[in-house]
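Novice: Before I ask anything, here is the structure I am working with.
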Amino acid sequence: MNKAQILTMFVLLHLASIFAIFPERIISATSKGHWEPITILFLAELLVLWLYLKALSQFPGKTVVDICNESLGKWGTRLIVLPLLVFLFIELLLLMYFQAVEIKAVLLQRTPPAATEALFIVLCFYAAWKGLGVMIRASIGLCILLMPFIFFSMMISVQNFRISYIFPVWTSKMSFFSNSDFYVCTVILAGFLFLGMIPSKQRIGFGNASAAVSIIFVLALGSVYVPLLVFGQETAVNFQYPMLMASDTIDLEWVVFDWLPSFYVVASSALGVLKVSVLLWILVSLLHQLFMPKINRLWVLSVSCLSLYLFSLWIPDVNALNSYLYLNSFFCVYSVIGFPIIVFLAAQWQRKKVST
Amino acid sequence: MQRIHEQDLYDIEKQLHDHFKKSSDFLNKKVVIADQEFRAYYMETLVDLPTTLSALNQAASGSENGSFQNMFWPFEEEASMSLDEICGHLLHGKLVLFSTEGMAAVMEPEHTDISRSVSAPESENPLQSAYDAFTEDINKNIGLLRKKMISDDLVIERRETGTRSTKKIAMVYLEGVAQAKVIASIREKLEQNKDKELTTVRDLMCILGHPKFSITPTYISSELPGEMVQNLMNGKVVILIDQFSFAFAFPAIITDLWSTTLDVNYPYLFQVFLRTVRAIGALLAVTLPGLYIVLNSVNPELLRIQLAITVAKSREGVPYPSLIEMLLVMLLLEMIIEATIRLPKNIGPTITMIGGILLGQAIVQAKLVSNLLIIILVASAIANFVLAGYMNTTGIRMYKYVVMLISSFFGILGLEAAMIWIILYFASLSTFSVPYLSLSVKGKASDE
Amino acid sequence: MNMRTVKTLIVALSMIILLPGCWDTKDINKQYLPVVMGVGKGKTEKYRIILQIPDASGKTQILDKEAKSISKAIDLIRTDSEKSIELVHLRLLLIDRQVAEQGIDNIINFAVRANDISIKGLVGVINGDFEKTMYHQISPTPEISSYDFFNQNAGWTPNQSIVRIWEAYQNQNSYSEDMAIPMLKNGIRTLFTFEGTAVMREDRMVGTLNQEETLLFNLFKGKYSGGTIEVAQNTSVLIEDAKTKHSTQWSEKGPSIRTDVTLDVVITESPEGKGNAVIEKEMKEQLSRQFNQTVRKIHSLKSDVLGIGMIFRPKMSEEQLKEWKTKWFPKLEHNINVRVNVLNEIYFKENANDNESQGKMLKK
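Protein chains in written order, with this note's numbering: chain A, 1 to 356; chain B, 357 to 804; chain C, 805 to 1168.
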C-alpha cells in the first residue's frame, strides 16, 4: 500500500460520483456559467481536505475514530459519527439503486433489477470483507482496466462539439446556491473520507492530494461540459444521463464494437462498485468499532449487506430516488464539511490536552 | 570406529536383523578389509559393495601405522550407536561395519549409480540460455546453483522433514536481496511443521501454509537453474526438494504470470514486446469465450450490423443456446489438451490431427456449433498457452468457465464483474506478507 | 452439524440462484435486426410503420403495420413475426412528407427516449410515394446501403444534407437553431434519389431547398469537399476549400451579419477557354446572387436553418436568447460576399494557348 495506490483510489472514488449523478444535477442547477458551481465545490473540498489531513498528520498511525475517541470520549464520538452513518447508509442505497436503473436502461433491458443488484451487492460484500487494504491495492489494477473506457466515452464526441454552446459563460447571480440540486452534488466529495481510516503509517501529504484534486477537477469540468457542448443547455436539461447520450452521438467506424454507450455504463458501474465497497467498509468498521465491538465483523457486514439489498428493492420509482437524494444532501453536507472540521478541532484540542 | 560393549553389539545386531527381516535387499555380509574381518550391514540397492571395499582397502593400506581405530577415518561418519540412528543411516544408504572385537563404524560408501545425469529440460524450452536442467539428486541441484551463482551471499540451509519418511529440503536465498521477513517466515514455517510428511508438492504448500483453494499458484516452479538464479537475484527464496527435478521459488507475484526470467537474455525492447504479448494473451484467453456469449446472446447490439448478420447466419440451425454450445466444445478441447500430455510420442500427432479435424470440420458441418465459435475457441486456447509456466495457464483455464457463466447471465456487466472479481482476488492474495499484486519482491516490506 | 456440512449446504443451496434463468439471453439468430424504419401516415390509424430487415443472403424483408402510436405499431409487428424484433441496429429513420408537415416532435422524442434506438441514426423525409420508397430493394448489401448513402466515407456528397436523430432533437429544443432534413425518393437504379432539403420550423416542415441550394447551405455550414458548381456557359469548377468569416453587429434595429465566403477552386471543364480572372468574376457574381437568394428564401420561411443564432450566441444574454427565433431573427439583415480564387487547372497550364512566349509552335 503505497502513496500511488492511495491516490489512485482517491481519484477513482471521486470519478464514481462524477460518472453517476454529477453532470445531470449541475446542468439542472444552473443554466449558465457551469464552471462556477464546480469550482466552488472543489475549493470547498480543498479546504476541508487540508483540515482533515492536518488533523491526521498530527497523530500518525491513528485513524480519525481513534483521534475522536481520545479527545471526545466514546459517547461524544458516537454522537458525531451517527449522522455520518445515516449518510453512508442512505448514500449506499441510492447509489445502488441508481446504478441498477442505469444498467437496466442501457445494458440489460429484461433482467429484473433485483438480479443486477444481487450481483452488485455480492461483489461489494466480497470486497468489503477482504478489507480496505485489499481494495486500495486493487485500485491500480482497476484503474488500468477502466481508464481506457472512461477516456474513450468522454472524448469520442469531441468531433461534435459546437463551441458556441458554452455561452453564456458568466453568471453573476450565483443562483445555484438556492437550488437543492447543487447540494446533492456535494456527494462527490465523500470520496476523501476513507483517507482517515487507512490502518497504516503512510500519510498523504497535502501537495499530493491537491494534485489529485486538480485532476478530478479537470475531469469534472469535462463531464459537465462535454454534454453541454454537444447538445446545448436547452437540450441537455432533458436528459437523465447526459454524458451517456453524448457518447452515443458519434459513429466510429474503426471501433470493433457498435453500441458505444455500453462503455460508459461499464465504466460507471465498475466505479460504482468500488465506491459502494469502500463506503460499506467504512460503515461496517465504524459500526463495529463504536457500537458493537463484541459481534464478529463478518456478521455486521452480512447484516448490512442484506438490509441494503432489501431496502433498495423497496424504492418504488425515480421520484422517490429524487426525494431521498434531497433528504440525503443535508447529511451529506454535514459529513463532508462538518465532520472533518469537527475532527480537526478535536485533534487540536487533544494536542493541547497532551502538551499541557 | 567406536568401541562398543560386546553385549550391546550383540543386541544391536539382533535388533537390526529383526527390524529389517522383511526387506530382502537388506544384506549382511562378512567382508575382509585390511586383513580384518568385519560384518557389513547395508542395503544392496543403495550401496555398491565391491567398489566400496576396494576403496576401503586402499585407504587402509595407505595409512601407515595408524591405530586400528583410525583406520577408516576418511570414510567414517560420526554416529552414536543407537538402533534408531543406525536404521536411519542404513536407509540413507550408509554402510555399517561391526568388527569381531566389538568395534563399529558407519561408513559413507560408494553409491549405486541410480541418479539421472544432468540433461536438457523435458518440459521447458529455453531459447538462448543454458540448457542444463535440475535432476532428482538434491546435491547435484545445489551444485548446479552454486556453479551458476558464485557469491558469498548465497545461503543454503538444509534440513530434513517428515517422520515416516524423511525428505531432504534445501532453502536457498541471497542474503541482503531477499526480504528478511520472508526468509524468517519460511524458516519458521518449516521448523513448525517438521513432522509433516513431504512427498508431494501439495504437502510442501501445506507445510508452508499456503491457501488450499487458489486460482493461481503462489509459487513458481521451474526445471532450469538459470531461471532459479534469476529468481534469487530478484529477491525470491528457492526451495529444493530431494527427488524432485524442479525447484520452487517463493513468493510468486503477478508479473510472474507473463514474464519469465529468461526474458532478460534478450534485448530490452524484445523483452517488453514479448511481455506485452503475453499479458494481452492472458486477457484475451479469459475474456474471449465470455465475449462470444455476450455478443451472441445477451448484448448483440455491441456488434456491427454487418457482423451481426453474418453471425446470425452462421448460427442458423444450431439447436443449442450459446452457453451450451460453448461448454460442449470447450470440454472437448480440454480433453484433447489433457490427452496430448499423456500420449506416447508415436501416437501423439495422429490423435491431434483427428482432434483437429473432428473439432474443426465435422462438428461445424453437422450444425452442432457455429463456425465463429471454433475460431474464438482456438484463439482463446492459443492465447492461454502464451503465459509463462504451465501452472499459471491452468488457473486461467479454470477461470474462463466462471467468466463464461457469469456473462451468460448478465452480459457485458457480468464480464466486467468477473474481471473486477479477479482483480480483487489477486489483491487479496499475499504470500509471506508479500502481496500478490506487487511489481517486485525486492522492495521495502510494507508496514501492515 | 459441523462447519463442513454447513458450508457444503450453503454452496449447494446457492446453486438455486441459477434456476430463475437468463432473462436477457436471446440468441442472435432468433432476432430480426431492422435497419430502416419508415414512419408514414396510416390509412386507418395515425401512423404506419414499415421496417426493413436485411438478410445475409442479400434479400430484405419488409414488415408493415398501422397503429395510433409508433410503439404500438412496432408491438403489432412483433406479434406477427417469427423472430423477435430488436431495434438496436436501426440506423435510418424515414418520415413521410405528410407526417413531417404535421410535426415530427413526437417521433423524434420517441427515438431519443427509447433506450434501444441509437441516437446516431439518420433522419430523412420521403418526398415521393412512401410505400414505394420503403418497398424498393435494389442492392446486394441491404444492411448497409441505406446508411452508406449518407456515410461521409461512402456515398455522401455535398449536394446532400445529413441530419442525425440527436441533431434533430437538439435543433428542436434549441433556442438558436432549426433543422434541415434531407428529402429522398426511391431511385430508379439506385436505392434513393436525393430530392433536396426540407426546412423545418419548430417541428413542422415549412419549405424545401433544391439541390443547388443545399450545396450552398452545406458550404455555408462548412461541410464541403468535392462539390461541383456550374458557372454560366458551362465552365465547371471543383471546390477545394471554402472558408467563411462572419462579422456581426447588433444595433437597436436588430442584428445584422455580413458573411465573407472564400472559395478555392480548380477548373475542371472550360470549353470556352476563358481566362481565370474572367471565370473568377463570373463565379463571384453568380454565387453572390444565388447565396443571397437562398438566404432570403430561408428567411422568408422564418426558420433559422443556417444556424445564425449560433453565431450570435456569444453576444446574447439569456433573455435575448429565448426570444431569438420569435423576435430577433425576423429582424436579421444578412449579406453574403463571395470571393473566388482559382488555384489551377489541375493538369493544364493556365492559358498556354494564348501566351506567345511559351514554347509554342507557330499558330496557323
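In this text, a Cβ means the ideal position worked out from N, Cα and C, and glycines have one as well.
Between which two residues does the alpha helix (DSSP H) carrying P986/C extend?
Specialist: Here residue 986/C is taken as the residue at index 182 of the third sequence, counted from 1. Unbroken run through P986/C is the beta strand (DSSP E), A984 to N990; no alpha helix (DSSP H).
Novice: Spatial neighbours of G565/B within its chain, please: CB distance less than 6 Å, with the 5 preceding and 5 following residues excluded, ordered by chain position.
Specialist: Start at 1 with the first residue of the second sequence, and residue 565/B comes out as number 209. Here the set comprises K545.
Novice: Going by DSSP in three states, D803/B sits in which element: helix, strand or coil?
Specialist: Position 447 of the second sequence, counted from the start, is the residue given in the question as residue 803/B. Residue placement at D803/B cannot be trusted, given a pLDDT of 42 that sits under 50; what the coordinates show is reported in the next sentence. Residue state, collapsed to three classes: coil.
Novice: Nearest to F59/A by CA position, among T249/A, S329/A, M197/A and S304/A, is which residue?
Specialist: Here residue 59/A refers to the residue found at position 59 when the first sequence is read from its first residue. Of the candidates T249/A, S329/A, M197/A and S304/A, the one whose C-alpha sits nearest the C-alpha of F59/A is M197/A.
Novice: Report the three-state DSSP secondary structure of V1109/C (helix, strand or coil).
Specialist: Working through the third sequence from its first residue, we reach residue 1109/C at position 305. Residue state, collapsed to three classes: coil.
Novice: Would you mind telling me which residues of chain A sit closer than 7 Å to W614/B, beta carbon to beta carbon, in chain order?
Specialist: Your numbering for residue 614/B matches position 258 in the second sequence. None at all; the shortest Cβ gap to chain A is about 14 Å.
Novice: Taking its Cβ as the centre, do 16 or more other Cβ atoms sit within 10 Å of M9/A, making it buried, or is it exposed?
Specialist: Position 9 of the first sequence, counted from the start, is the residue given in the question as residue 9/A. Label assigned to M9/A: buried.
Novice: Compute the Euclidean distance between the alpha carbons of S802/B and S214/A, then round it to the nearest angstrom.
Specialist: Counting from one through the second sequence, the residue named residue 802/B turns up at place 446. Counting from one through the first sequence, the residue named residue 214/A turns up at place 214. With a pLDDT of only 46 at S802/B, under the threshold of 50, the placement of this residue in the model should not be trusted; the figure read from the coordinates follows. S802/B and S214/A: Cα-Cα distance of roughly 28 Å.
Novice: Measuring only between beta-carbons, confirm whether M983/C sits less than 7 Å from chain A.
Specialist: For the purposes of this step, residue 983/C is identified with residue 179 of the third sequence, where counting begins at 1. Not one chain A Cβ lies under 7 Å of M983/C.
Novice: So what's L1136/C in DSSP terms, helix, strand or just coil?
Specialist: Here residue 1136/C refers to the residue found at position 332 when the third sequence is read from its first residue. Reduced to three states, the DSSP call for L1136/C is coil.
Novice: Is the stretch 856-868 of chain C in contact with the stretch 810-822 of chain C, if contact means three or more CB pairs nearer than 8 Å?
Specialist: Verdict: no, contact absent.
Novice: Below 8 Å on the Cβ atoms is my contact criterion, and I expect Y851/C with V916/C to pass it. Report the Cβ-Cβ distance as a whole number of Å.
Specialist: The residue given as residue 851/C occupies position 47 in the third sequence. The residue given as residue 916/C occupies position 112 in the third sequence. Their Cβ separation, rounded to whole angstroms, is 17 Å, which puts Y851/C and V916/C out of contact at 8 Å.
Novice: Which residues does DSSP pair with E513/B in a beta bridge?
Specialist: For the purposes of this step, residue 513/B is identified with residue 157 of the second sequence, where counting begins at 1. For E513/B, which the question treats as bridged, DSSP gives the partners M527/B.
Novice: Please return the same chain residues whose Cβ sits closer than 6 Å to the Cβ of E804/B, not counting the five positions on each side in sequence.
Specialist: Locating residue 804/B in the second sequence gives position 448, counting from the first residue. Because E804/B sits at a pLDDT of 39, beneath the cut-off of 50, its placement in the model cannot be relied upon, and the point is left open.
Novice: Spell out a yes or no on whether the stretch 659-673 of chain B and the stretch 742-753 of chain B are touching, meaning 3 or more CB-CB pairs, one atom from each, closer than 8 Å.
Specialist: No, because fewer than three Cβ pairs between the stretch 659-673 of chain B and the stretch 742-753 of chain B fall closer than 8 Å, the two stretches do not touch.
Novice: Strictly by DSSP, which residues pair up with H467/B?
Specialist: The residue given as residue 467/B occupies position 111 in the second sequence. DSSP output for H467/B lists V403/B as bridge partner(s).
Novice: Here's the rule I'm using: 16 or more other beta-carbon atoms within 10 Å means buried, otherwise exposed. How should H448/B be labelled?
Specialist: The residue given as residue 448/B occupies position 92 in the second sequence. Exposed is the call here.
Novice: Given a threshold of 16 other Cβ atoms within 10 Å of its Cβ, counted over all protein chains shown, does S1121/C qualify as buried or as exposed?
Specialist: Along the third sequence, read from residue 1 onward, the residue named residue 1121/C stands at position 317. So S1121/C counts as exposed.
Novice: What are the uninterrupted segments assigned as alpha helix (DSSP H) that are 4 or more residues long and contained completely in the stretch 697-726 of chain B, given in chain order?
Specialist: The stretch 697-726 of chain B contains these whole alpha helix (DSSP H) runs: 704-713.
Novice: If we ignore side chains and look at the alpha-carbon of each, how far apart do K924/C and V226/A end up?
Specialist: Translated into positions along the third sequence, residue 924/C becomes position 120. Translated into positions along the first sequence, residue 226/A becomes position 226. Answer to the nearest angstrom: the Cα atoms are 16 Å apart.
Novice: What three-state label does DSSP hand F89/A in the structure shown?
Specialist: For the purposes of this step, residue 89/A is identified with residue 89 of the first sequence, where counting begins at 1. Of the three classes helix, strand and coil, the one that applies to F89/A here is helix, per DSSP.
Novice: Does the CB of A774/B have a neighbour CB from chain C at under 7 Å?
Specialist: Stepping through the second sequence from its first residue, residue 774/B is reached at position 418. Not one chain C Cβ lies under 7 Å of A774/B.
Novice: Relative to the C-alpha of F151/A, which candidate in V81/A, P261/A and I26/A has its C-alpha closest?
Specialist: Counting from 1 along the first sequence, the entry for residue 151/A is found at position 151. Nearest C-alpha to F151/A: P261/A.
Novice: Please classify R1100/C: is it buried, with 16 or more other beta-carbons within 10 angstroms of its beta-carbon, or exposed?
Specialist: Here residue 1100/C refers to the residue found at position 296 when the third sequence is read from its first residue. Its Cβ having fewer than 16 others within 10 Å, R1100/C is exposed.
Novice: Answer yes or no: does any C-beta atom of chain A fall closer than 7 Å to that of Y1169/C?
Specialist: Residue 1169/C is absent from the model: chain C starts at 805 and stops at 1168.
Novice: In chain C, what lies closer than 8 Å to R162/A by C-beta?
Specialist: Within the first sequence, residue 162/A is the residue found at index 162, counting from 1. Residues of chain C passing the Cβ test: M1114.
Novice: Counting only Cβ pairs nearer than 8 Å, list the residues of chain C close to N319/A.
Specialist: Taking the first residue of the first sequence as 1, we reach residue 319/A at position 319. Under the 8 Å cutoff, chain C gives no residues; its nearest Cβ is about 18 Å from N319/A.
Novice: Between S180/A and Y52/A, which are expected to be in contact by the criterion C-beta below 8 Å, what is the C-beta distance as a whole number of angstroms?
Specialist: The count along the first sequence starts at 1 and reaches residue 180/A at position 180. The count along the first sequence starts at 1 and reaches residue 52/A at position 52. 25 Å between Cβ atoms; not a contact.
Novice: DSSP on F257/A, reduced to helix/strand/coil?
Specialist: Stepping through the first sequence from its first residue, residue 257/A is reached at position 257. F257/A: coil per DSSP, three-state reduction.
Novice: Is R137/A close to chain B? Criterion is C-beta to C-beta, closer than 7 Å.
Specialist: Here the question's residue 137/A lines up with position 137 in the first sequence. Yes, R137/A counts as interfacial toward chain B.
Novice: Starting from the C-beta of D807/B, find all residues in its chain whose C-beta is less than 6 Å away, skip the five residues before and the five after it, and write them out in chain order.
Specialist: In the structure as shown, chain B begins at 357 and stops at 804. Residue 807/B is therefore absent and cannot be evaluated.
Novice: What ranges does the beta strand (DSSP E) occupy inside the stretch 535-615 of chain B, keeping only unbroken runs of at least 3 residues that lie completely in it?
Specialist: As far as the stretch 535-615 of chain B is concerned, its whole beta strand (DSSP E) runs of at least 3 residues are 576-578, 593-597 and 603-606.
Novice: For my contact list, I1102/C and V1109/C are in at a C-beta cut-off of 8 Å; report their separation, rounded to the angstrom.
Specialist: Here residue 1102/C is taken as the residue at index 298 of the third sequence, counted from 1. Here residue 1109/C is taken as the residue at index 305 of the third sequence, counted from 1. At roughly 6 Å, the Cβ-Cβ gap stays under 8 Å, so I1102/C and V1109/C are in contact.
Novice: By Cβ distance below 6 Å, which residues in the same chain neighbour V725/B in space, the five residues on each side in sequence not counted?
Specialist: Here residue 725/B corresponds to residue number 369 of the second sequence, with the count starting at 1. Answer for V725/B: E681, V685 and I719, listed in chain order.
Novice: Which residues in chain B sit within 8 Å of K130/A, going by Cβ to Cβ distance?
Specialist: Residue numbering aside, residue 130/A sits at position 130 when the first sequence is read from its first letter. Simply L780, A783 and S784.
Novice: Comparing alpha-carbon positions, which option in L771/B, L439/B and E400/B lies nearest V654/B?
Specialist: For the purposes of this step, residue 654/B is taken as the residue at position 298 of the second sequence. Nearest C-alpha to V654/B: L771/B.
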